[in-house]
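There are 2 protein chains.
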Amino acid sequence: MERTYVCEIMNNIESTILVRGWVHKIHDLGKITFVQLRDKTGIVQLVIQKELEQSLRLEMCIEVIGEKALNQKATLGVELLVKDLKVLGKTYYDVLPFEINNQKVTATLETQLDYRSISLRRPKTRSVFKIQEEIVEAFRGFLRELRFSEIHTPKIISSSTEGGSEMFTVNYFEKRTFLAQSPQFYKQMMVGAGFEKVFEIGAAYRAELHNTWRHLNEYISLDVEMGFIKDEFDLMDLEEGLLNHVFAHLNKTCATELALFNKILPESIKIPRIPLSEVQELLLKEFGKRSPAGNIDAEGEVILSKYIKEVYNSDFVFLTKYPISKRPMYTMPDEELTDMTKSFDLIYKGLEITTGGQRIHDYEMLKANIIKFNLKPEDFGFYLDSFKFGMPPHGGFAIGLERLTMKILDLENIREATLLPRDMKRLEP
Amino acid sequence: MERTYVCEIMNNIESTILVRGWVHKIHDLGKITFVQLRDKTGIVQLVIQKELEQSLRLEMCIEVIGEKALNQKATLGVELLVKDLKVLGKTYYDVLPFEINNQKVTATLETQLDYRSISLRRPKTRSVFKIQEEIVEAFRGFLRELRFSEIHTPKIISSSTEGGSEMFTVNYFEKRTFLAQSPQFYKQMMVGAGFEKVFEIGAAYRAELHNTWRHLNEYISLDVEMGFIKDEFDLMDLEEGLLNHVFAHLNKTCATELALFNKILPESIKIPRIPLSEVQELLLKEFGKRSPAGNIDAEGEVILSKYIKEVYNSDFVFLTKYPISKRPMYTMPDEELTDMTKSFDLIYKGLEITTGGQRIHDYEMLKANIIKFNLKPEDFGFYLDSFKFGMPPHGGFAIGLERLTMKILDLENIREATLLPRDMKRLEP
């Protein structure tokens, strides 16, 4: 007999079906036992006669053949009267590390991360990653539709020219190499190599000495780079369209999962775009908040987001026109505003989730800028060289996948939006 | 004016259109110049009057407004009479490193890899990666349709228990860590964590001291793991279905690119499944070829593939039932064949592209097997622990993306199927 997934039970016309999954809850009434069976797609109630019961334990893997019976009180509106039961995966514990069949979470986040293969079985925890998967799917679908190509670039790189000190080193056949902080140079190169528009969904590594609620040392970066743009506003248009598509896709594909977090995502978002200097002034005037030179700090991001929500009814805000001194050497200077660049950050609910901007595409201009930044052109060998052969105007941005997931669901810690987090202290599981 | 991609020119009802791209070929006839303009989607002929010509050079990025004119001799059947021309990206070279607008490749593979942003502009080279992108898309689409979930697992791992000596080490905040050889442990854990069926498209690292036509030190692994299977034949069924889908998808989406390689992929493949011991016997009897204990070698793979092609008319062959001693400790032993496992390899045109098999899912059995392999259960902490809480029967496989791409197109070197290869000597670009 073919397996039926729980979500298909109501639509299956057969009266006797086979289901598989984990024992989520047991309610022993003596002669009969009610068992909640959990599979990837949902939970169904089983009614099991004593003689079939086989001393079930929570989280055993079982296979069951049962007859559908209407029961208004069961979540699905239907339960299964079990005719046959097989144990597929035994358990070997005294007590579970923590309960996973209760609404209330009893374990600390650290304990949940220690037992990741248990904590992920909680439907609400699982749903974070269903939503994350669909964010990725929407990101990819939207960009492919616009003729972007997906690329995979190497993470072992030979020089630390882009990243400086905050990089992990790899011993590569006795050579000292690095883990890439971003695919920045490669995605630009691929635009120039005729791909025109590219994206990458890949790991990025930051050896930052921060152990906070919003930092990871290995994370998934949703990277975008686009050729033949007019200016940085093309990129903001693209990202705004992308986020609208992600939200619409999540509302469509993850309604159940979003409901567990009491979320319905806005149907149409329009993101205000404000120059950084105006934001700094506003923070000072309205909130007495001083900002560091050429940026705003984490506290400023939170204050600003509250203000933007009140005035513009938007969870997002683009900060534009960052100063040259605060952006990488490849950032396109602004023709109209002295000392400023055609770059932007995107703040979402008080947290930066994107940095982006137009890049310099002219070889001589890039070389001159590298020198202006007190760097050596010869250190940028293949990268700089690739600008000699006809590079279109281009730019791009990157979204931190875990940060976006965390903020969509208003999670408190980025580790809750990470399958298997890596931070300064955690390397396992 | 909105940009028109070359592939859209014929369907665009406007007579005057705007196109962008690179100068692919220049044919100067004095009063007029014929220029082939190449964009991401194809090549179109431009007819440019002297006064507009602006000393064009090969590979410049330009934007052109032109009027469509029928011309049977032009590849598209239509050419553009240029009304306006803008240079978007200048060139800064004396001579191009090699010609890219000829059928014939004049540069060595090493030179092509050195100048990756040039060599990828050759339409035939570019098409390798269009095909690779669609392989990934087909892989993902097929599995998502079957309720597989896409996961992203960390590549920095704390122990080398799975891989042994052939791993790269990373200095992680003064701790010695490793780059993952495969997501094996994590994909199994996620099956147990309720994801049931997972796949990952991610980097895998092998510090192998091989510099051959078929080895990479960083490559993309298409990993699959599936819960609630009956045996390893479920996995072979899955992979066969997957490859059929990939081929159908490529025939549909990459007809032009495949044609550059004179390829039409078979519409339906049925892959023979032969126990390893029978293959070894066959190689010895029919070809006088001795095989190493418990495997066949690279030469054996080539001889076997030729034989299979002749006898079964198949480019693929599954070798099944590898001995316990040659497979990892987590491989499920065969109940019927002493000392054998429920595992398989897939050989495609003389090259192994997949290793797979059913895994042990019972905690006590796995622990006993670890000891049998002279390993220490305590070294497998979180992995072994995750088997205590109800693990379904499961198994999986992995496909090397670059190997699959190489063999589909009959390329001679795996580096031709790699955007930016990493090998013992190459770390750039």
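Going line by line, the protein sequences match chains G and Z. Heads up, the first sequence is in the numbering used here, so the first residue is 5 and it goes up one at a time. Heads up, the second sequence is in the numbering used here, so the first residue is 5 and it goes up one at a time. A virtual CB, placed ideally from N, CA and C, is assigned to each residue, including glycine.
Chain-order list of residues whose beta-carbon lies under 7 Å from that of residue i (same chain, five-residue window excluded)
i	result
Asp319 (chain G)	Lys313, Tyr352, Lys353
Glu261 (chain G)	Ser131, Lys134, Ile135
Ile52 (chain Z)	Ile36, Thr37, Val39, Val86, Leu89
His28 (chain G)	Gln40, Leu41, Arg42, Ile47, Asn105
Neighbour list for residue i in chain Z, Cβ cutoff strictly below 7 Å
i	result
His365 (chain G)	Gly93
Listed by chain order, chain G residues near residue i by CB distance under 7 Å
i	result
Cys65 (chain Z)	Gly394, Met395, Pro396
Val140 (chain Z)	Glu154
Phe386 (chain Z)	Glu432, Pro433
Tyr428 (chain Z)	It should be pointed out that residue 428 (chain Z) corresponds to Met in this sequence rather than to Tyr. Here the neighbours are Phe177.
Contact list for residue i against chain Z, beta-carbon separation under 8 Å
i	result
Met336 (chain G)	Simply none; closest approach about 13 Å.
Leu431 (chain G)	Ile160, Ile161, Ser162, Tyr176, Lys179, Thr181
Ile374 (chain G)	Under the 8 Å cutoff, chain Z gives no residues; its nearest Cβ is about 14 Å from Ile374 (chain G).
Arg151 (chain G)	Tyr9, Lys44, Thr45
Thr173 (chain G)	Val174, Asn175
Glu368 (chain G)	Tyr96
DSSP state of residue i mapped onto helix, strand, coil
i	result
Val48 (chain G)	strand
Arg210 (chain Z)	coil
Ala111 (chain Z)	coil
Ile312 (chain Z)	helix
Val99 (chain G)	coil
Phe133 (chain G)	helix
Ser390 (chain Z)	helix
Ser153 (chain G)	strand
Gly231 (chain Z)	strand
Residue i classed as buried or exposed, judged by whether at least 16 other C-beta atoms fall within 10 angstroms
i	result
Ile155 (chain Z)	buried
Asp349 (chain Z)	buried
Gly292 (chain Z)	exposed
Thr335 (chain G)	buried
Pro158 (chain Z)	buried
Ile135 (chain Z)	buried
Asp343 (chain Z)	exposed
Ala73 (chain Z)	exposed
Pro276 (chain Z)	exposed
Glu416 (chain G)	exposed
Thr216 (chain Z)	exposed
Phe172 (chain G)	buried
Tyr228 (chain Z)	The question names Tyr, but residue 228 (chain Z) is Val in the sequence shown. When all chains shown are included, Val228 (chain Z) counts as buried.
Where residue i meets chain A, residues with beta-carbon distance less than 7 Å
i	result
Gly196 (chain G)	Checking the listed chains, one finds no chain A in this structure; the protein chains it contains are G and Z.
Rounded separation between residue i and residue j - CA only
i	j	result
Pro397 (chain G)	Asp43 (chain Z)	14 Å
Ile233 (chain Z)	Gln362 (chain G)	50 Å
Gln284 (chain G)	Ser295 (chain G)	6 Å
Ile69 (chain Z)	Ile364 (chain G)	25 Å
Ser163 (chain G)	His31 (chain Z)	41 Å
Ile174 (chain Z)	Ile205 (chain Z)	Going by the sequence as given, residue 174 (chain Z) is Val instead of Ile. Rounded to the nearest angstrom, the two C-alpha atoms are 22 Å apart.
Glu137 (chain Z)	Asn221 (chain G)	28 Å
Gly81 (chain G)	Glu67 (chain G)	21 Å
Ser345 (chain G)	Arg125 (chain Z)	The displayed chain sequence assigns Thr, not Ser, to residue 345 (chain G). Looking at the two C-alpha atoms, the distance is approximately 30 Å.
Phe377 (chain Z)	Thr165 (chain Z)	12 Å
Pro433 (chain G)	Leu424 (chain G)	7 Å
Leu308 (chain Z)	Leu287 (chain Z)	7 Å
Ser390 (chain G)	Met193 (chain G)	7 Å
Leu379 (chain G)	Lys330 (chain G)	15 Å
Glu271 (chain G)	Gly245 (chain G)	12 Å
Ile268 (chain G)	Lys411 (chain G)	13 Å
Gly46 (chain Z)	Leu84 (chain Z)	14 Å
Lys142 (chain Z)	Ser153 (chain G)	Residue identity check: residue 142 (chain Z) is Ala in the sequence provided, not Lys. Near 14 Å, if we compare the C-alpha coordinates of Ser153 (chain G) and Ala142 (chain Z).
Lys54 (chain Z)	Cys65 (chain Z)	19 Å
Ile104 (chain G)	Ser123 (chain G)	7 Å
Arg24 (chain G)	Ala197 (chain Z)	14 Å
Pro337 (chain G)	Val140 (chain Z)	37 Å
Neighbourhood of residue i by C-beta distance below 6 Å, restricted to the same chain and skipping five residues each side
i	result
Arg61 (chain Z)	Thr95
Tyr387 (chain G)	Phe189
Leu370 (chain Z)	Ile364, Phe391
Proximal residues of chain G, C-beta to C-beta of residue i below 9 Å
i	result
Arg24 (chain Z)	Glu200, Gly231, Phe232, Pro396
Chain G residues whose Cβ lies nearer than 8 Å to that of residue i
i	result
Met193 (chain Z)	Arg120, Ser121, Pro433
Ala207 (chain Z)	His156, Pro158, Lys159, Gly206, Ala207
Under 9 Å by beta carbon: chain Z residues contacting residue i
i	result
Arg277 (chain G)	By Cβ distance, chain Z contributes nothing, its closest Cβ being about 23 Å from Arg277 (chain G), past 9 Å.
Glu222 (chain G)	Pro158, Lys159, Ile160
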